[in-house]
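Top line first, the protein sequences correspond to chains D and B. Under this note's numbering, the first residue of the first sequence is numbered 1, with each subsequent residue one higher. Under this note's numbering, the first residue of the second sequence is numbered 865, with each subsequent residue one higher. All C-beta atoms in this analysis are idealised placements derived from N, C-alpha and C, irrespective of residue type, glycine included.
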Amino acid sequence: MAVKTASTPLKKATTKKPVPEKQPTKKATAKKVPPIKVIDDWFKSRGRKPFAYQRQTWEKYNSGISGLIHASTGTGKTYAIWPAALMETMQNYTPAELAAYGMGGRDKRPLMPLTVIWLTPLRALANDLALSLKSPVEDLGLPCLVETRTGDTASSVKARQKERLPYCLITTPESLSILLSYPGHEEKFSQVKLVVVDEWHELLGTKRGVQAELALARLRRLAPDVKTWGLSATIGNLDQALAALVGENPESLKHAEIVSGSESKKVVAQSVLPERLENLPWTGHTGLPMIEEVIEQVAASRTSIVFTNTRSQTEQWYMQMLERHEDFCGQAAVHHGSLDMDVRRWVEEALKAERLRFVVSTSSLDLGVDFSPVDQVLQVGSPKGVARAMQRAGRSGHSPGQTSKLYLVPCHALELVELCAARLAMDMKLVESRYPQKKPIDVLCQHVTTIALGSGFKEEELFEEVRQTSAYKNLTRDEWLWVLNFVGTGGAALAAYPEYHRIKTEGERFVISDKSLALRHRLSIGTIVSDQAVDICFTSGQRIGQVEESFVARLRKGDRFVFAGRYLEFVDVRDMKARVRLSPVKAGLVPRWMGGRLPLSSELASVVRKLISDAAFSNYDEPEMAFVQPLLALQSERSALPETGELLIEYLQSREGYHLFVYPFEGRLVNEGLANLVAFKLSQVCPSTFSIAINDWGFEILSGQPIELDGQAIGDVFRALDSDTIAEDIRQCLNAGEMARRKFREIARVAGLIFQGYPGGSKTVKQVQISSGLLFDVFADFDPGNLLVRQAHDEVLENNLEISRLKAALTRINAAKIVEVHATRATPFSLPLMVDRLRGKLSSEKLAQRVLRMKMDLARDMHI
Amino acid sequence: MKDKSLYEETARIKIAGEDALLLPQKAVFLAASKTLVVADVHIGKGASFRARTFFAPDGMTSRDLNCLSKLIHKYKAERLIVLGDLVHAQDGLTKDEVTLFEQFRQENAEIEMLLIMGNHDRKARLPRSWQIERVPGELCEGPFIFSHEYEESERPKKTEGYVLSGHIHPSVILRGQGKQRERLPCFWLRRKYAVLPSFGVFTGSFTVRPSQLDKIFVVAHDAVIPMIR
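Okay, structure coming up:
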């Protein structure tokens, strides 16, 4: 028997032991309780029993399996995986070894190494998650420190974490990227055993999801034993989601499985109808005409969440509800992503402690840890997707098994058709798929810089690593070299820009060329998440939240606006912060955020089409349909209601010009693609300029001159689109229109072409950089092979002209009979498009020709 | 089908009683003195950005200088006046950029070239090899005062004259039927002074709202269009 001396290290190498759960380890000096019993006892002490699927997951984890758990919110996914990690730790360390570790702070004992990384898409969720994870740890007395690291984390904590990471780190994809950009991180990550990606369905299909995929690939290199587990809502393409999570190689996929969680809660959905149809406007996005009904509903219950689709809406609704129902004062709150962390946290705690009657919120409260104390959920406006509706509904009902109540509130009359569709689709469980992004070059540019900054890399190795991910499995060598050259020299291989280097080679490795770039790069890693944001704070310095720079730029001293549920008066901008004070006057603007409008999913769109077709046959079975029957009858009278197998087209002439309306009912993204293609084809017939408006039901093409195209010809346009020449048409169309230019804005930001500005920096952001529009124009002229411009085009192709969806749409449209109507007055279908101020443009005319017909914006006052 | 040209490419006007041509390349040609006038070229802006590790593509200086050469030849200009900000910054004056201008100078060796110093020029050292005469303040000649920036406060003290200036990079917003909207660079002719659009391809612009009494000439790709209210 070996004699233990004082210098013998207590810690053993942490290799995985294939010990079956119930056998005690032989080397322990004291009797060791099997970890599974420890966990079972803990559940018992909490008055709960683990679900079957939770046990299943623990077993799989113990055998080294990675995987994806899918279930609705609030059904125990967190505890399906967290106890497994704890059990592994209890397995790998003896009680004596564990006793040697501390929890930081005054405790001078060393911390356990970083063992679990928990990725979450919203920093708002991190705190609640931490509480959930800490609960068993504290009860069991394990030295497993759980900490968060997000944009909200205090800099002192972040600085400490740079030196010593906790046992479990809850963080966002961008914060994880930042950690990978610090030199010397490899050692700290080498002991990681588990990465959990929470709400994976939310990240999947976005650039942050790609960022996460790349980070995961890196982690698998740094810690080869690591297991990856995703927690997700149920989506239509789980296999694809799994591959994106664990990597696209046969080896990983062999050890990965999908686990189905508990049965989802029963959801009872109901649309809220106004007293009379006349009370609902034909157009509108705020929903405020329904406020009295909402107040009535909220007052009748103990706790509610009122979900809106935009941040502006939450501010408006909150203020209005308080104004009209004074009893609510002090019992209500606002919650959205632009509010300061302290504000949000206060709301979250108050909600949990049931101190609030209601909270008006955006999707920031969509996702969450397993708690749901509210009695009912109200959704203002169409949820646009079944999964989203179900997720939000899941925030109500006190525990798994209870019924969730969801009330759908229309913003305009025809939206009731969508609400009805959402309700029916939820019953049918028509969940959408979330498709991963395909090799976005801008994210790769950012990642390459991150790795160069952090550890440096060998070109071949990183290429292979990146190709393991779902997103970049089809990355070609040429594209890879382009990225390296771009990041290294700023251009294509042929043109060298001697002054511009972000990375350079040191021997075999690529490293960052200039340390001063480090701070700027880390700051811009978060650019995927948000647009240029300006902090709002009181003159005392207290932070309230953020708004977009475009909103602040328009403010003058004394201007009033609403934010965080308060009336504020703008003072000035100092050091990139907008300073405000409370305004005694109860009036003000509501800020607008540029956040994208979510498109109607194709699943929902198909149900909407069916409902309208039913109405065409005078079938108004559903309550919402019966309610809007007069409006649909008016549509039928002034125009027509398209039946299944028909495509409706309307022509109208007004003071504004000549309108063409087409209603494919394919969601705004595909509709935008179709609109641009149709406009492009039209403009080829004779030089013209069009203004384009889109919504989820259809599109409008508006021209100053008559549109010389009848239904037959438009049918020809659609048929021509459904052919092999479509790729060429699309490319030409993209150059003629604006879609790619707009996409390029974000791409330029993510790829690091444009820098947001230093926090607290004295210059406004605009002075430091070139506008993305100017860059796009210059690229178009001087660097046409530029992959980032190509990415802008490709993104338009993927999102707007998503080939699979587009082809399906075109197939359906081309089989349809075209119903052509020359309307004499605006129709209920067309009005929402006509009043839309956010318009696209496409022109085949010479600019000078157009300018001849235009007039200038003049100053209102005369001055010489 | 050929486009019926309802517009002239250049605008022939009178400024301070003198014949002038407003060119769609964003320059002014003064017939009497055979002078080509441009403002805000910002040579080396791309290189300057790159030196500060911001990205900028290449080839713009060549384009700008080729354009200038073409204009000089087309209108048989005998003199070129730059109304300030010929260069962007010192770190933009790399060997390549300097050489490009030297070549341009050689090709137009017989032309007189003057630079009215602008705020950007003052912070850089112009190479001697460029052989361009630097005017520190303003140049008064005939009815004109060539300046970088018009400042109301300076006016009473100085001599009378119509000021030709740059610095602002003006553009205006146009609206049309069918909910059309465009923002385009322009020549802004006011009562006492005119502002030229910025010449350099890599320069942005600033929206101005002209008053009722101003004359605006919009640059629409290949034509200069007078805006009638």
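Helix, strand or coil: which one does DSSP assign to residue i?
{"i": "R560 (chain D)", "result": "strand"}
{"i": "K938 (chain B)", "result": "helix"}
{"i": "T14 (chain D)", "result": "Residue confidence is low: T14 (chain D) scores 45 on pLDDT, short of 50, so the model does not pin down where it sits. Its coordinate-derived value is still stated next. T14 (chain D): coil per DSSP, three-state reduction."}
{"i": "F512 (chain D)", "result": "Sequence check: residue 512 (chain D) is Ile here, not Phe. Three-state DSSP puts I512 (chain D) in a strand."}
{"i": "R741 (chain D)", "result": "helix"}
{"i": "E845 (chain D)", "result": "coil"}
{"i": "D883 (chain B)", "result": "strand"}
{"i": "R1098 (chain B)", "result": "This structure gives no information on residue 1098 (chain B), because the portion of chain B shown stretches from 865 to 1093."}
{"i": "R876 (chain B)", "result": "strand"}
{"i": "I907 (chain B)", "result": "strand"}
{"i": "K1056 (chain B)", "result": "coil"}
{"i": "A1087 (chain B)", "result": "strand"}
{"i": "H1031 (chain B)", "result": "coil"}
{"i": "C329 (chain D)", "result": "coil"}
{"i": "I1092 (chain B)", "result": "coil"}
{"i": "V867 (chain D)", "result": "Absent from the structure is residue 867 (chain D), since the part of chain D shown begins at 1 and ends at 864."}
{"i": "K473 (chain D)", "result": "coil"}
{"i": "E569 (chain D)", "result": "strand"}
{"i": "H335 (chain D)", "result": "strand"}
{"i": "Y407 (chain D)", "result": "strand"}
{"i": "F893 (chain B)", "result": "strand"}
Pull the bridge partners of residue i from the DSSP assignment, please.
{"i": "F1063 (chain B)", "result": "None; F1063 (chain B) has no bridge partner."}
{"i": "Y167 (chain D)", "result": "In DSSP, Y167 (chain D) forms no bridge with anything."}
{"i": "G67 (chain D)", "result": "D:W229 and D:E257"}
{"i": "C1050 (chain B)", "result": "B:V1082"}
{"i": "E700 (chain D)", "result": "D:F661 and D:A693"}
{"i": "E666 (chain D)", "result": "Answer by DSSP bridge pairing: none, since E666 (chain D) is not bridged."}
{"i": "I1009 (chain B)", "result": "B:C1004 and B:V1027"}
{"i": "V534 (chain D)", "result": "D:V547"}
Under 9 angstroms between beta-carbons, which chain B residues line up against residue i? List them in chain order, please.
{"i": "S654 (chain D)", "result": "Chain B residues near S654 (chain D): none, gap ~10 angstroms exceeds 9 angstroms."}
{"i": "S181 (chain D)", "result": "Result: empty, since nearest Cβ-Cβ is about 16 angstroms, beyond 9 angstroms."}
{"i": "V778 (chain D)", "result": "G910, A920, P921, G923, M924, V1065 and F1066"}
List the residues of chain D that residue i touches, going by C-beta distances under 7 angstroms, in chain order.
{"i": "K1043 (chain B)", "result": "E656, S691, L702 and R839"}
Below 9 angstroms on C-beta distance, what does residue i contact in chain D?
{"i": "A1084 (chain B)", "result": "K846, L847, A848, Q849, R850, V851 and L852"}
{"i": "R1039 (chain B)", "result": "M854, K855, M856 and D857"}
{"i": "M981 (chain B)", "result": "Going along chain D, no residue has its Cβ under 9 angstroms from M981 (chain B), so there is no contact; the nearest lies around 21 angstroms."}
Along chain D, in chain order, which residues have C-beta atoms closer than 8 angstroms to that of residue i?
{"i": "I1080 (chain B)", "result": "M856"}
{"i": "I1089 (chain B)", "result": "A848, V851 and L852"}
{"i": "M977 (chain B)", "result": "Those do not exist, as M977 (chain B) stays about 26 angstroms from chain D at its closest Cβ, beyond 8 angstroms."}
Would you mind sorting residue i into buried or exposed? The rule is 16 or more other CB atoms within 10 Å of its CB.
{"i": "K27 (chain D)", "result": "Unreliable positioning characterises K27 (chain D) in this predicted model, as indicated by a pLDDT of 46, which lies under 50. The coordinate reading is nonetheless provided below. Under this definition K27 (chain D) is an exposed residue."}
{"i": "F829 (chain D)", "result": "buried"}
{"i": "G261 (chain D)", "result": "buried"}
{"i": "E700 (chain D)", "result": "buried"}
{"i": "F1066 (chain B)", "result": "buried"}
{"i": "G64 (chain D)", "result": "exposed"}
{"i": "L1077 (chain B)", "result": "exposed"}
{"i": "Q791 (chain D)", "result": "buried"}
{"i": "F617 (chain D)", "result": "exposed"}
{"i": "F1081 (chain B)", "result": "buried"}
{"i": "Q391 (chain D)", "result": "buried"}
What does residue i touch in chain B if you count any residue whose Cβ is under 7 angstroms from its own?
{"i": "V38 (chain D)", "result": "Ordered by position in chain B, no residue passes the 7 angstroms Cβ test against V38 (chain D), which lies about 54 angstroms from the chain."}
{"i": "I771 (chain D)", "result": "The sequence shown places Ser at residue 771 (chain D), not Ile. The answer, in chain order, is G1068."}
{"i": "L661 (chain D)", "result": "Correcting the residue type first, residue 661 (chain D) is Phe in the shown sequence and not Leu. Per Cβ cutoff of 7 angstroms: no residues; F661 (chain D) is ~14 angstroms from chain B at best."}
Please decide whether residue i counts as near chain E, where near means a Cβ-Cβ distance under 9 angstroms.
{"i": "V1036 (chain B)", "result": "The structure shown contains no chain E; its protein chains are D and B."}
Listing by chain order, which chain B residues have their CB less than 8 angstroms from the CB of residue i?
{"i": "L894 (chain D)", "result": "With chain D covering only 1 through 864, there is no way to say anything about residue 894 (chain D)."}
>> What are the residues in the segment 1046-1077 of chain B lying within 8 angstroms of chain D by C-beta distance?
In response: E1046, L1048, R1054, R1055, K1056, V1065, F1066, G1068, R1073, P1074, S1075, Q1076 and L1077
>> Residues of the segment 907-921 of chain B in Cβ contact with chain D at a cutoff of 9 angstroms, in chain order, please.
In response: K909, G910, A911, S912, F913, R914, A915, R916, T917, F918, F919, A920 and P921
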